[in-house]
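Numbering (UniProt numbering), first residue to last: 1 to 191.
We put the CB at the ideal spot given by N, CA and C, even for glycine.
Bear in mind the structure is a predicted one, so any value in this text is a computation, not a measurement.
Structure first, commentary second.
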């Protein structure tokens, strides 16, 4: 237990600035050392110490004369340190995402546009029934049953047309430099 006079705590609880300064001088070095061990950053540790004492001063009425204030101070500082670490990790994650080279984003957009153009050109070259079934399925999002009604053919025939169309597209695009996952996003969109 820290040796802190009860009258100092009483004065602190009443809002006495001199008592608060003595209280700060008594505990700040220990609190700084503990915070520095957790954060490993002097500036952040200083901020935690300041914020810890602000919390103590704000809630000084709850201090108990018969209890050592160090555990309370330590818990406050420890929580602030953990919050600081969590916020630092989140900030680093966002900073890393923001510093991703813009050229990669532009390049990916251009590649996606080129892939879409290639796919649309290849779809236009498909036999009429295959092209119609594929467009109704993948572009308009109709079910096989709805396509069958619209085209006036059986559901199985719709499945066959789509299967043949996709097979033809895959065969054509596999000869290209396009990445399979990009193709899968087009051929099997999330619906």
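State buried or exposed for residue i, treating a residue as buried only when at least 16 other CB atoms are found within 10 Å of its CB.
i           : result
residue 224 : As shown, the chain starts at 1 and ends at 191. That puts residue 224 outside it, with no answer to give.
residue 69  : buried
residue 62  : exposed
residue 18  : exposed
residue 148 : buried
In the structure shown, what three-state DSSP assignment does residue i receive?
i           : result
residue 154 : coil
residue 46  : helix
residue 168 : helix
residue 140 : coil
residue 111 : helix
residue 5   : coil
Enumerate in chain order the residues of its own chain whose CB-to-CB distance from residue i is below 7 angstroms, with the five nearest sequence positions on each side excluded.
i         : result
residue 6 : 65
Within 8 angstroms: the Cβ of residue i and any heavy atom of the ligand COA?
i           : result
residue 171 : For the structure depicted, the ligand COA is absent and the ligand set is empty, with no information on it obtainable.
Go through its chain and collect everything with a Cβ distance to residue i's Cβ below 8 angstroms, but skip five positions before and after it.
i           : result
residue 135 : 123
residue 172 : 122
- Report yes or no: do three or more beta-carbon pairs, one from the stretch 154-173 and one from the stretch 104-124, lie closer than 8 angstroms? yes
- Would you check if there are 3 or more beta carbon pairs closer than 8 angstroms linking the stretch 12-21 to the stretch 40-48? Result no; under three Cβ-Cβ pairs closer than 8 angstroms.
- What runs of the beta strand (DSSP E), each 3 residues or longer, lie entirely inside the stretch 57-85? none
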